Amino acid sequence: MPHPTPYPVRLADEITRQLGQLAEHLAQLPPHEATQVIARVLDPDHGVLGGTTHLVATSSVFAKNQAERGVLPAEVWLALGRAANELDAIGGDLDEHRETLRHVSTQPAATAATPPVPAPLVVRRRR
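Next up, the structure:
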């Protein structure tokens, strides 16, 4: 008789599936709604990025304990620690844009009468 899949493994699978669904929806949302979703995903306290960072950091602590017992190679712990640090740094980099995203996401949807002014994506330096 096969072993049933433990609840935490099923939960991880379900979260992964839902993240895929969220990405699909995001690609099809109108800009106003997409900005709302992005602002929530990047919220450092209650968003997906903060939750993922916390999960990876918790995984790193687990891996450290297992590495100290000789169950996992130390490289696994080190890689998870680096990943947690990188995710935290990315969150910090994105934090400077948090207010802009929150502001844009709380504004009413733009009307067709006042189209937004496109911003240049490349800034050229003068020599």
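Residue numbers (the numbering used here): 251 to 377.
Beta carbons: idealized from backbone N, C-alpha and C, even for Gly.
These numbers were taken from a predicted model, which means no experiment stands behind them.
What would DSSP say about residue i, mapped onto helix, strand or coil?
{"i": "Asn301", "result": "With the sequence shown as reference, residue 301 is identified as Gly, and Asn is not the correct amino acid for it. In the structure shown, Gly301 sits in a helix (DSSP, three-state: H, G or I)."}
{"i": "Glu274", "result": "helix"}
{"i": "Arg267", "result": "helix"}
{"i": "Val259", "result": "helix"}
{"i": "Val246", "result": "Nothing can be reported for residue 246, as the shown portion of the chain is limited to 251 through 377."}
{"i": "Ala317", "result": "helix"}
{"i": "Val306", "result": "helix"}
Kindly indicate the opening and closing residues of the alpha helix (DSSP H) around residue i.
{"i": "Gly342", "result": "324 to 345"}
{"i": "Gln286", "result": "281 to 292"}
{"i": "Val354", "result": "348 to 356"}
Could you work out which residue in the options is closest to residue i when comparing CA atoms only?
{"i": "Gln286", "options": "Phe312, Pro358, Pro323", "result": "Pro358"}
{"i": "Val311", "options": "Leu272, Pro258, Arg332", "result": "Arg332"}
{"i": "Asp338", "options": "Val298, Ala273, Tyr257", "result": "Val298"}
{"i": "Glu346", "options": "Lys314, Leu330, Leu279, Pro294", "result": "Pro294"}
{"i": "Val354", "options": "Glu274, Leu328, Glu283, Arg267", "result": "Glu283"}
{"i": "Gly300", "options": "Asn335, Gln316, Gln268, Trp327", "result": "Asn335"}
{"i": "Thr308", "options": "Arg319, Trp327, Leu322, Arg348", "result": "Trp327"}
Given that a residue counts as buried once 16 or more other Cβ atoms are within 10 Å of its Cβ, and exposed if not, what is residue i?
{"i": "Val291", "result": "buried"}
{"i": "Thr303", "result": "buried"}
{"i": "Ala420", "result": "A question about residue 420 goes unanswered here, because the residues of the chain that appear run from 251 up to 377."}
{"i": "Ala289", "result": "buried"}
{"i": "Ala313", "result": "buried"}
{"i": "Leu269", "result": "exposed"}
{"i": "Leu261", "result": "exposed"}
Report yes if the C-beta of residue i is less than 7 Å from at least one heavy atom of the ligand MN; otherwise report no.
{"i": "Pro294", "result": "Among the components modelled here there is no ligand, and therefore nothing to report on the ligand MN."}
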